[in-house]
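One structure is given below, encoded as structure tokens.
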Amino acid sequence: MPIVLEAEPSPIVFDPATTALVIIDMQRDFIEPGGFGASLGNDVALLAAAIPPAMRLLDAARAAGILVVHTREGHEPDLSDAPPAKLERGEPTARIGEPGPMGRILIRGEPGHAIIPALAPRAGEPVIDKPGKGAFYATELGGVLTARDIATLLVCGVTTEVCVHTTVREANDRGYRCVVVGDACGSYSPDFHAAGLAMITAQGGIFGWVSESATVVAALRGST
Ligand code: TIU
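Going by my numbering, the sequence shown opens with residue 7, and the numbers climb by one from there.
Below, the structure written as structure tokens:
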């Protein structure tokens with residue numbers, strides 16, 4: 007049954023049967039000290055506020071029976087999928103692939119690469135490993151969504167202006183209606199978080215819609 011969700015810049019009608027919750031990169035490497043995010047000089051504590059709203063969203067999505075997709079940014083241990091342009095970038099305290107307190111930075115299979123326990127994937131929920139910022143580039147995400155006739159994406163995770171934004175831009179160009187759940191997203195920069203959300207809804211919703219976790223949770227509960 008289609009349901010109406012209050013959102014900016016306008017309400018959006020979506021059918022839970024053709025909707026997926028996509029949780030972007032809620033990994034220890036971004037959220038906890040000693041990982042990739044911290045190596046770039048960020049205060050990782052700024053991402054903590056997104057965790058409880060994302061947990062409530064995940065619970066509601068599971069209860070409503072909608073598809074839940076998790077993504078993880080990271081690379082093969084031999085770095086064969088990490089372009090030099092990414093490896094060489096900036097002046098981090100530890101580069102991708104170097105050892106840290108949670109294992110090698112941003113490498114698949116290392117402790118830091120894991121999704122935080124509070125949002126751990128359940129058996130059967132697709133986990134998309136991505137080498138880039140966007141979740142469609144060089145991944146099977148498009149095929150997963152197409153196979154289930156998904157038309158609308160509820161998107162949350164970290165960081166708002168980097169991997170959430172890149173994924174939403176990719177999805178928008180592929181024809182998906184994207185609802186970014188603002189308080190379930192986090193950024194190392196409050197200013198970029200606010201600007202990132204504003205960019206989604208500007209110009210009549212140039213990349214999609216923005217809503218809040220409580221609004222989405224209430225809508226999903228009403229659908230069951
Ligand atoms: N640095 C930063 O803000 N983000 C990333 O590098 N990746 C994600 O957003 N997942």
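All C-beta atoms, glycine included, are put in the ideal place defined by N, C-alpha and C.
Only a predicted model underlies this, so the values are computations on that prediction, with no experimental measurement involved.
Assumed close pair residue i, residue j - CB separation to whole angstroms, cut-off 8 Å
{"i": "H171", "j": "Q33", "result": "So it is not a contact: roughly 17 Å between Cβ atoms."}
{"i": "L226", "j": "P17", "result": "L226 to P17, Cβ: 15 Å. No contact."}
Close beta carbons around residue i, own chain, < 6 Å, minus the five adjacent residues each side
{"i": "L248", "result": "Residue numbering for the chain in the displayed model covers 7 to 230; residue 248 lies beyond these limits and cannot be assessed."}
{"i": "P59", "result": "D189, A190, S219"}
{"i": "A67", "result": "L27, V74"}
Short Cβ contact (8 Å threshold) for residue i with residue j
{"i": "V174", "j": "V164", "result": "no"}
{"i": "I121", "j": "H76", "result": "yes"}
{"i": "V216", "j": "I206", "result": "yes"}
{"i": "H268", "j": "A91", "result": "Nothing in the structure corresponds to residue 268, since the chain is present only between 7 and 230."}
{"i": "G138", "j": "P15", "result": "no"}
{"i": "V74", "j": "L85", "result": "no"}
{"i": "G202", "j": "E167", "result": "yes"}
{"i": "I9", "j": "G228", "result": "yes"}
Paired residues, beta bridge with residue i - DSSP
{"i": "Q33", "result": "I121"}
{"i": "H76", "result": "I29, V133"}
{"i": "E14", "result": "V216"}
{"i": "R128", "result": "None, per the DSSP bridge assignment."}
{"i": "P107", "result": "G109"}
{"i": "T145", "result": "According to DSSP, T145 bridges with nothing at all."}
{"i": "T166", "result": "Looking at the DSSP assignment, T166 forms no beta bridge with any residue, so it has no partner."}
{"i": "I9", "result": "F20"}
{"i": "R175", "result": "None, per the DSSP bridge assignment."}
{"i": "T158", "result": "T25, R183"}
{"i": "H81", "result": "I113"}
{"i": "G211", "result": "Paired residues: none, contrary to the question."}
{"i": "G192", "result": "V164"}
Chain D contact for residue i (CB, 8 Å cutoff)
{"i": "A224", "result": "Here there is only one protein chain, and chain D is not present."}
Cutoff 8 Å; reference residue i; Cβ partners in own chain excluding five residues on either side
{"i": "S45", "result": "P98, T99, A100, R101, G106, I111"}
Residue nearest to residue i in terms of C-alpha spacing, selected from the options
{"i": "R180", "options": "P39, D65, Y143", "result": "Y143"}
{"i": "L159", "options": "I30, D135, P15", "result": "I30"}
{"i": "R62", "options": "A220, G228, A225, S229", "result": "A220"}
{"i": "P127", "options": "P22, L151, L27, I9", "result": "L27"}
{"i": "V133", "options": "L147, G40, G140, K139", "result": "L147"}
{"i": "A124", "options": "L151, P196, A56, P83", "result": "A56"}
{"i": "A141", "options": "A200, R78, V186", "result": "R78"}
{"i": "C169", "options": "M7, D155, H199, L151", "result": "H199"}
Own chain residues within Cβ distance below 7 Å of residue i, not counting five before or after
{"i": "A153", "result": "none"}
{"i": "G109", "result": "E116, P117, G118"}
{"i": "N178", "result": "C184, F213, G214"}
{"i": "A13", "result": "V185, W215, V216, S217"}
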